[in-house]
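Residue 79 in our numbering sits at position 78 of the sequence shown, with consecutive numbering throughout.
Reviewing the structure listed below.
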Amino acid sequence: MSCENCGGGCGGCGQALLLTAAELAFLRRLGETPFLPVAAAYDRKEPVYLEDRARPREEYAAVILGLMGKGLLRLDYDIPLENFDYAAYRNYPLHGSMALTGHGQDILEQIEIQGIEE
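Here's what the structure looks like:
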């Protein structure tokens, strides 16, 4: 479902926010660990997250881009995590971090308090 007011991210306009199961799981992961590593090639087309092997790399890229498109996640390729070993990401020249936006934190709190409809 898309909304004219927010372009599909729904910033409180009354429309439902639709999340895939993978997006919800990643949102919850970010609720447990506020900053996660991310990497990319110079074109920044596809974010790379290698810390969890539960899903293929391409699926994590889609999840990250989906959450970004909904305004729930922010990527910062110019802010790498301090004291994090990016050795697994050595094939990718850009090393950064990702975190929930304020809206993402609000949505996660709402999910934890009110639950979620399937």
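Ideal Cβ positions, reconstructed from N, Cα and C, are used throughout, including at glycine.
Everything numeric in this text was worked out from a predicted model, so none of it was measured.
6 angstroms CB neighbourhood of residue 112 in its chain, flanking five on each side removed: There are no such residues.
Contact between the region 102-111 and the region 79-88 is defined here as three or more beta-carbon pairs at a separation below 8 angstroms; is this criterion met? The region 102-111 vs the region 79-88: no contact.
Reference residue 95; option with closest CA among 18, 44, 36, 52: The shortest Cα separation from residue 95 among 18, 44, 36, 52 belongs to 44.
Could you round the C-beta distance between residue 101 and residue 74 to whole angstroms and report it? I think they count as a contact, below 8 angstroms. About 6 angstroms; that satisfies the 8 angstroms criterion.
What is the residue span of the beta strand (DSSP E) that residue 28 lies within? Premise fails: residue 28 lies in the alpha helix (DSSP H), 22-33, not in any beta strand (DSSP E).
Checking 8 angstroms against the spacing of the C-beta atoms, do residue 23 and residue 64 come in under that value? Going by C-beta atoms, residue 23 is nearer than 8 angstroms to residue 64.
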